[in-house]
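Visitor:
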Ligand SMILES: [Zn+2]
Ligand SMILES: [Zn+2]
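Numbering (the working numbering), first residue to last: 58 to 125.
Right under this line is the structure:
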């Protein structure tokens, strides 16, 4: 998960300042457009990932989403 400096406008809605970059495609996303997912690695380590709505549903990007 990569935090933006807030200068970029959200690439998804184009209306609000971004807060984070999508871990899939690298787009800047605002608070409303980002989605969070937790990736566990089996050893107790969990990574927080931030995704745009598109990558959230893309099994190639987010195999842990549970989406078909
Ligand atoms: Zn947005
Ligand atoms: Zn994305």
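Heads up, the beta-carbon is just placed ideally off N, CA and C, and yes, glycines get one too.
Is the beta carbon of residue 174 within less than 8 Å of some heavy atom of ligand 2?
Guide: With the chain running from 58 to 125 in the structure shown, residue 174 is simply not present.
Visitor: Less than 9 Å between the C-beta atoms of residue 121 and residue 95, yes or no?
Guide: Going by C-beta atoms, residue 121 is nearer than 9 Å to residue 95.
Visitor: Keeping to the same chain, check which residues put their C-beta closer than 7 Å to that of residue 75; ignore five residues upstream and five downstream.
Guide: Correct list, in chain order: 61, 63, 65, 66, 67, 85, 86, 87.
Visitor: Going by C-alpha to C-alpha distance, which of 79, 70, 73 sits closest to residue 109?
Guide: Measuring from the Cα of residue 109, the nearest candidate turns out to be 79.
Visitor: Report all residues from its chain with a CB closer than 7 Å to the CB of residue 77; omit the five preceding and five following residues, and keep chain order.
Guide: Closer than 7 Å at Cβ, skipping near neighbours: 58, 59, 60, 61, 86, 91, 107.
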